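Protein sequence lines, in the order shown, are assigned to chains A and B.
Numbering of the first sequence is given in my numbering, commencing with residue 1 and proceeding in unit increments.
Numbering of the second sequence is given in my numbering, commencing with residue 304 and proceeding in unit increments.
By construction, the Cβ of each residue, glycine as well, lies at the ideal position given by its N, Cα and C atoms.
Because the structure is a prediction, the values reported are computed rather than measured.
To start, the structure itself, in structure tokens.
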Amino acid sequence: VSVSPPSFDLKTYWTALIKEIDHKLDEAIPVQYPQQIYEAMRYSVLAKGAKRAPPVMCVAACELFGGDRLAAFPTACALEMVHAASLIHDDLPCMDDDPSRRGLPSNHTKFGVDMAILAGDALFPLGFRHIVSHTSTDHVPETRLLQVVAEIARTVGSTGMAAGQFIDLEGGPNAVDFVQEKKFGELGQCSAACGGILAGASDDEIQRLRNYGRSVGVLYQVVDDILGENTGTEKKVDKDKKKGKSYVSVYGVEKAMEVAEDLRSQAKKELDRLEKYGDKVLPLYSFVDYAADRGFNLGDQLS
Amino acid sequence: NPEISSTHPTFNFKEYMKSKAKKVNKALDDAIPLQNPIKIHEAMRYSLLAGGKRVRPILCLAACELVGGDEAAAIPVACAIEMIHTMSLIHDDLPCMDNDDLRRGKPTNHKAFDEATAILAGDSLLSLSFELVAAETKNVSARRIIRAIAEMGSAVGSEGLVAGQIVDLCSEGKELSLDGLEYIHVHKTSKLLEAAVVCGAIMGGGDDIEIERLRKYARFIGLLFQVVDDILDVTKSSEELGKTAGKDLVTDKATYPKLMGLEKAKEFAGELVGKAMEELSCFDALRAAPLYHLADYIAYRQT
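Encoded structure:
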């Protein structure tokens, strides 16, 4: 049985990273004319209590291969920008029609539907631009930046997260599996892979990171569903349940827990093949356990 | 136009446009195969392949060849610019924005599909545009491709298209000055035309002086494009334009004819085309023929 050694304190590592990433994001979106759009963009990207899981995974993957975290920050920020953009659009009345997110009014509730659409439209390209204009090419060769841009663009696009959202709305047989893979697995996959690409990992290693990130991304969501079912307090879960969109509502808690255990061991198996990096694998390793067990609280918004 | 035909009598503009548009259409068709989920890809193709004039991608290819590049080097970025243009039209047409039912003589994307699909199709075209440039540009140094991505990013986001759309939305029903009108057009139209030309020149290997001259050229024709659009809105019928004519008058929108009078607006268009052509005067006349003719075409087009 694999147990992550107690020597690694994920909470401290993660909390410190959140602080750094929040600071970088704040700098990345200064308010200028026309102010309304920057305020709408900042409202979602800088929402209090965001856990920054995709950026943290990206930075941890980069550091695993000896990459400097400074080299990973612009990409980490970009992941958060495109993530925020897709959440803003997913919440719209014509999509999931969610008036709130993380306990606050959704972007369109606060700024109007037109502004919310445009805030998303602005955040996608800002992410790509941020990578190419803020990553020091002393740290990362340009060809790797192109790979990262292509990776993120594919992930958010019509065969990735947008496909997940589309099927989420449309429904259909086995929709829940497809939706979880696309909406949550793809972003985890992309976050881990980007960290590896930036640090110059081999193709084989990047593939391991992909598999790892995909498993952790889905695991995270499945466990959210299970926790929401058990506490029964989250309104969102009731809504998902009605639409038959969560693992738990479709397969039941027991099966969902089995799936979670499978995903946990799959994710760790991928990391076992990277054992030559020694203790550097610990952040990614403990991340898996966190996704499964939620062993500590981060900030004030944790469910 | 006697001046143009006397400088390069052998250049056949009509043939040139036809052959370039054919290449662009083929590349756009290839860029979006019908894959799962089918409907979202159909929606992307519906608007992208609706038979626009392809002015932006052709400007891009022409600029690439003017500085001595091979057309193939600029094909991905030319397609990307057209995708971005299409995406902005899809989102601008939405009910919460300009609420248009008709575009290029066909139902708008959200009319042919639905709002959610239209938003996702737009988002997907936007990300695909960056993916295409980052992953499919061949025989161009990574440094140049990165530079082109930064140009695209600033043309499309909150410093470009989105800024223009925001100011446009926010000034409806208000008195708009000529400066305010120019701000909107520079951001909604000129910036993307500028990116088309500049990215073409970058991919073609142009030096900084060439790139900046072409940037100025593009700024003049960008503004020209909008002035002519405004003139056509008051002088042509919906049938001739393939979109709702006279809409600017009905919605009491600020336009050049409204602010300067029709005759002055026409004079202004003439000045702009002259200034654009001046920027081309330092290039070899034969090689610059396509860009001369494109400026002329934008000034004197009938739809």
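Query                                                                                                                                                                     : Result
Report the rounded CA-to-CA distance for A:Ala119 versus A:Phe128, giving the unit in angstroms.                                                                          : 15 Å
Starting from A:Thr143, trace the alpha helix (DSSP H) both ways and give me its first and last residue.                                                                  : 142-156
Please state whether the Cβ-Cβ distance between B:Asp395 and B:Asp401 is less than 7 Å.                                                                                   : yes
I need the DSSP call for A:Pro173, collapsed to helix, strand or coil.                                                                                                    : coil
Starting from the Cα of A:Leu274, find the closest Cα among A:Gln207, A:Ala28, A:Leu17, A:Val132 and give me that residue.                                                : A:Gln207
Let me see if you follow: with CB-CB separation under 7 Å, is B:Asp426 close to chain A or not?                                                                           : yes
What residues from chain B crowd round A:Leu87, counting only those whose CB sits closer than 8 Å?                                                                        : Within 8 Å Cβ-Cβ: nothing; A:Leu87 doesn't reach chain B, min ~12 Å.
Nearest-angstrom Cα distance between B:Ile469 and B:Leu484?                                                                                                               : 12 Å
Determine the burial state of A:Tyr290: buried for a count of at least 16 other Cβ atoms within 10 Å of its Cβ, exposed for fewer.                                        : buried
Taking 6 Å as the limit between beta carbons, can you name the residues of its chain near A:Val237, skipping five residues before and five after?                         : With a pLDDT of only 48 at A:Val237, under the threshold of 50, the placement of this residue in the model should not be trusted, and no figure is reported.
Can you name, in chain order, every residue of its own chain whose Cβ lies under 7 Å from the Cβ of B:Leu496, other than the five neighbours on each side?                : Arg359, Leu362, Ala521, Ile524, Gly525, Phe528
My guess is that A:Phe296 and A:Met57 are in contact by the Cβ rule of under 8 Å, so how many angstroms apart are they, rounded?                                          : Not really, about 17 Å apart at Cβ, beyond 8 Å.
Just reading off the alpha helix (DSSP H) that B:Met455 is part of, what are its end residues?                                                                            : 445-459
Measure the alpha-carbon distance for B:Asn412 versus B:Ala424 and round it to whole angstroms.                                                                           : 9 Å
Within 7 Å (strictly less), CB to CB, does A:Val248 reach chain B?                                                                                                        : no
Just checking: is the beta-carbon of A:Cys21 within a distance shorter than 7 Å of some beta-carbon in chain B?                                                           : Correcting the residue type first, residue 21 of chain A is Ile in the shown sequence and not Cys. Not an interface residue.
Using the C-alpha atoms, what's the distance from B:Arg518 back to B:Cys585?                                                                                              : 14 Å
Should B:Phe433 be flagged as near chain A, meaning a C-beta pair shorter than 7 Å?                                                                                       : yes
At 8 Å on the CB atoms, spell out the chain A contacts of B:Ile422, in chain order.                                                                                       : His89, Leu92, Cys94, Met95, Ile117
Between which two residues does the alpha helix (DSSP H) containing A:Gln32 stretch?                                                                                      : Element bounds for A:Gln32: n/a, residue is neither H nor E.
Show which residues of chain A have a CB atom less than 8 Å away from the CB atom of B:Cys399.                                                                            : Gly112, Val113, Asp114, Ile117
Check each residue of the region 35-57 of chain A: if its Cβ is closer than 8 Å to any Cβ of chain B, include it; give the result in chain order.                         : Gln36, Ile37, Tyr38, Met41
For the putative contact between A:Leu64 and A:Tyr212, defined by C-beta atoms under 8 Å, what is the C-beta separation to the nearest angstrom?                          : Contact flag wrong, Cβ pair sits at about 10 Å.
DSSP three-state call for B:Lys441: helix, strand or coil?                                                                                                                : coil
Going by C-alpha distance, which of B:Ala602, B:Thr606, B:Leu575, B:Ala591 is nearest B:Thr313?                                                                           : B:Ala591
Is the Cβ-Cβ distance between A:Ile88 and A:Ala116 less than 7 Å?                                                                                                         : yes
Against chain B, does A:Gly252 count as a neighbour if the rule is that its beta carbon must be under 7 Å from one of theirs?                                             : no
Taking Cβ-Cβ distances below 7 Å as the criterion, which residues of the region 137-167 of chain A are in contact with chain B?                                           : Glu142, Thr143, Leu145, Leu146, Val149, Ala150, Ala153, Arg154, Val156, Gly157, Ser158, Thr159, Ala162, Ala163, Gln165, Phe166, Ile167
Smallest Cα separation from B:Lys321: which of B:Gly355, B:Val370, B:Ile384?                                                                                              : B:Gly355
Would the beta-carbon of A:Gly125 fall within 7 Å of that of B:Gly371?                                                                                                    : Sequence inspection shows Pro at residue 125 of chain A; the Gly mentioned does not correspond to that position. Contact: no.
Evaluate A:Gln32 with the Cβ neighbour count: other Cβ atoms within 10 Å of its Cβ, from every protein chain shown; 16 or more gives buried, anything less gives exposed. : exposed
Quick check: the region 176-188 of chain A against the region 444-459 of chain B, are there 3 or more CB pairs under 8 Å?                                                 : no
Which residues in the same chain as A:Ala72 place their Cβ atom closer than 7 Å to its Cβ, once the five residues preceding and following it in sequence are excluded?    : Cys58, Val59, Cys62, Gly195, Leu198
Check whether the Cβ atoms of B:Ala498 and A:Leu169 sit closer than 7 Å, and answer yes or no.                                                                            : no
Name the chain A residues whose beta carbon is nearer than 7 Å to that of B:Gln468?                                                                                       : Leu118
Between A:Asp203, A:Lys11, A:Ser249, which lies nearest to A:Asn230 when the distance is taken from Cα to Cα?                                                             : A:Ser249
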